[in-house]
Amino acid sequence: MPPTNKTEKLPLTFGIEIEHVFGINKDAVETNPAFTWMFPQYCTIRPDSPNPPDFDPTSNKYGSFLQAVNILRSRGAKLRVELEPGMEDATFEGFSQWTMGQDRSVRLPSDVDELRKWSGGAVKTWRGWVFAGLELISPALKVPEYDSNGSFQPNGLTDVSTYLKLLTETRPEGTPYFFLSDPEAAGIHVHIGLQPQPEGQMGIPLNVLRHLAFICLAFEDTITLLHHPQRHANSQTYSHDYIGSNRFLGRLSDTFPRHTCTKGPVFSPEDAFLRIFRATENEELVELLTTIPSRNPGHYRYMVRECFVNFCNCFDFGHADEKRTVEFRQHHGTLEFEDISHWVFLVSSLARAAERKANEVSPADGTWPPSFAHKILSASSGTVAQPRRTGVLDTPTNALWQDTMSNPDTRAAVLREASKYESLFQIDKKRSLKELFDLLELPIAPRRYWYQRAKKFQAEWYVGWQGTGTCLGDYCPREAVRDNEGWASGELAVPPWDVADPHPSGASSAPAVRSADQPTDVEMSYGIPLVSTVAPTAEAPFAPHASHPNIMTISNVTNYPAPPMNNLLPPLNYPLPPLNNPPLPPLNNPLPPMNYSALPPLNYPALPLNHPAPPMNNPLPPLNNPVFPMNPPPNLLNIPPFPMDFPPLTLVWREEPLHPPPGPMGYPEPPSEDPELP
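See the structure below:
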């Protein structure tokens, strides 16, 4: 790996927003005295003080929501209450406490079949249930990662596990409430930022933010492959209005509807890189990343949050209590700790990879990567660059390339950063899962987990979603253009690793290189932690991706020992014993020749042609209806012949009024009888 500056790692933190459905059976609560404590009037905003006099907890707006808070507090949760959706408290107090809020983007079950499906069969009836869309918001927690000794530290994942247990723990039969989530109903949002301080939260450094944005855009299709098809921004999913591609940068052209198919602009990682790294301050970069075309021709939307990755919070509005984070919005709704913990670790690894790239020392004799040289030649053969208008937002691509090459300092700065991705910037090269995982320096266990998950979701997409579009705006049935490997048949056949533990620490405990098909002591599946501490076992089957109430338990991830890195199974190089068996004896017993003349002659009498058919032993009664020949003789049925000499018809014209007199209901009276023909 290229050398990096020996700088202290950023104090990265994560916050998680777990969208879910809360259901409570009002009939059961109101008729059973044991559940009186769940009545809305006994629910308070703060656990240690009464509600304000003008606040009504029994209103439909707050009733079910406060009941959920009251239930979780009774189980030991320490929760703040966010009464209005989207009004997160970005103060230091808000960063340091778990919060429950309402979320109107959560899709509620529409009928008993959907309720039964989302609950995994745990809820079978519809009567009496009322629902609320909620969001459990964590405080700022330390990101999970490997320490300098190669030991995995779950850090903030321990708290996440504790609160997920409160939502999913097994409850007695007849419990009148549940918490659930499902890919068709909700999502998981993870925020990455720096450790908040009492005076406010510092923003992510500009160059780290640049690299993070570029990695997310370049590998957007690869990261999408890791997610449930409900979170691909398909036009037929409920989440289509809440997530979407980040690849529409700035005000370059009228690109609405936003086509991701062949009708839309072709994504160029080189152009995106240039535009991102020409941004000179955080605000300019955030404006570039959050500006997309609007429905009105020639107009644009600014500070757009509804993307796979939301950069809006990185804009400095001048308020000390702002949340200065990057929000990853693409994960499907679930209450399963295994899925959530792996996603948190992956986005934390994305941020760490961006930090490493920002600190990486470029080679002194760096040259332009091949695809960059191609872009430079193409721009040089174009027209003379026009003056820049408003920076990277709307300067035409060729003009931006020409402007970059004409300024030595700018050219050197872009070359310095681009040379860090030489293997990525190749002409007509598709990026892959392995390239992403290598960039993130993921250990073998997460690679195995994401590889199995990618294959599962790719199969679901192929069966149920292939051929559907992700374009935004007018309906477009065309399939999205994918420039990363994994979407076509056979592109996931090779596992995305070739070493046992590509760990960034470079510790001596790293296992030896092995082939992808050799067994390891880590078998990733749902329900197994990020690192393996047990002997090899059979790989568990995939669990459904809905979070099932009253039936799930979550393994605690606290106090994980360091992963055993030196006990990988050795390669199976046992030589096979030589085959010293004597050869088979020759076949010296040929069959005797057949004497066909010795066979008796076949003198069976021929059956007569009118041989009666054998009885069929059919239990059906015999058919006594006479069978008629195909051409019956005339008058077989004694039907007299129909006369064919009709007398000529005489037409008699009668004078009739054009409008017959109305009947009793105002409609024309029908004639009393049909007119007779003479």
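The opening residue of the sequence shown carries number 1 in UniProt numbering; numbering runs sequentially from there. The beta-carbon is built from N, C-alpha and C at its ideal position, and this holds for glycine as well. Only a predicted model underlies this, so the values are computations on that prediction, with no experimental measurement involved.
| Asked | Found |
| --- | --- |
| Same chain, Cβ closer than 7 angstroms to Ser371, five either side skipped, listed in chain order | Glu270, Phe425, Gln426 and Ile427 |
| The stretch 321-336 contacting the stretch 14-29, beta-carbon criterion three pairs below 8 angstroms | yes |
| Local Cβ density within 10 Å of Arg324, reported as buried at 16 or more and exposed below that | buried |
| CA-to-CA distance, Phe273 to Ser59, given in whole angstroms | 52 angstroms |
| First and last residue of the uninterrupted alpha helix (DSSP H) at Thr395 | Segment: none, Thr395 is in no alpha helix (DSSP H) and carries neither H nor E. |
| Cβ-based neighbour list, Thr237, same chain, cut-off 6 angstroms, excluding 5 preceding and 5 following | Gln230 |
| Per-residue DSSP class, three states only, for Ala373 | helix |
| Which of helix, strand or coil DSSP assigns to residue 686 | Shown here, the chain extends from 1 to 678; a query on residue 686 therefore has no answer. |
| Proximity to Pro198 [Cα-Cα], best of Asp56, Thr470, Glu322 and Val69 | Glu322 |
| Residues of its chain near Cys314, where Cβ-Cβ distance is below 7 angstroms and the 5 sequence neighbours each way are ignored | Gly203, Ile204, Leu209, Asn282, Val286, Arg324 and Val326 |
| Buried or exposed by the 16-neighbour rule on C-beta atoms within 10 Å, applied to Ser119 | buried |
| Short Cβ contact (9 angstroms threshold) for Leu141 with Thr13 | yes |
| One or two residues paired with Trp129 in a DSSP bridge | Asn25 |
| Three-pair Cβ contact test at 8 angstroms for the stretch 299-312 versus the stretch 239-249 | yes |
| Contacts around Thr224, its chain only, beta-carbon distance under 6 angstroms, and the 5 residues preceding and following it disregarded | His232 |
| Nonlocal neighbours in the same chain, by C-beta distance under 7 angstroms from Pro176, ignoring five residues either side | Ile24, Asn25, Ala28, Val29 and Phe35 |
| Extent of the continuous alpha helix (DSSP H) run through Trp368 | Note, Trp368: premise wrong, no alpha helix (DSSP H); not H, not E. |
| Where Ala354 falls, given that 16 or more other Cβ within 10 Å makes a residue buried | buried |
| Uninterrupted alpha helix (DSSP H) stretches inside the stretch 186-269 (no shorter than 4 residues) | 206-218 and 220-225 |
| Reference Trp401; option with closest CA among Ala379, Arg46, Val123 and Ser419 | Ala379 |
| N- and C-terminal bounds of the beta strand (DSSP E) containing Leu180 | Tyr177 to Leu180 |
| Trp126 classed as buried or exposed, judged by whether at least 16 other C-beta atoms fall within 10 angstroms | exposed |
| Best match in Phe131, Leu440, Pro154 and Asp474 for proximity to Asp111 [C-alpha to C-alpha] | Phe131 |
| Arg447, enclosing beta strand (DSSP E) - first and last residue | From DSSP, Arg447 is part of no beta strand (DSSP E) but of the alpha helix (DSSP H) over Ile444 to Gly464. |
| Continuous beta strand (DSSP E) assignments of at least 3 residues falling wholly in the stretch 117-170 | 129-137 |
| Sheet register partners of Tyr300 (DSSP bridge) | Pro293 |
| At least three beta-carbon pairs within less than 8 angstroms, the stretch 426-442 to the stretch 215-222 | yes |
| Which listed residue (Pro495, Gly187, Asp498 and Tyr449) has its alpha carbon closest to that of Ser105 | Gly187 |
| Three-state class that DSSP yields for Trp98 in the structure shown | strand |
| Coil, strand or helix - Gly15 by DSSP | strand |
| His342 (DSSP reduced to helix, strand or coil) | helix |
| Sequence-distant residues of the same chain with beta carbon closer than 8 angstroms to Met405, five excluded per side | Ile376, Ala379, Ser380 and Arg411 |
| Spatially closest choice to Ile215 from Ser489, Ser268 and Ala488, by CA coordinates | Ser268 |
| Three-state secondary structure assigned by DSSP to Glu281 | coil |
| Whole-Å CB distance - Ala213 paired with Phe311, under 8 angstroms assumed | 7 angstroms |
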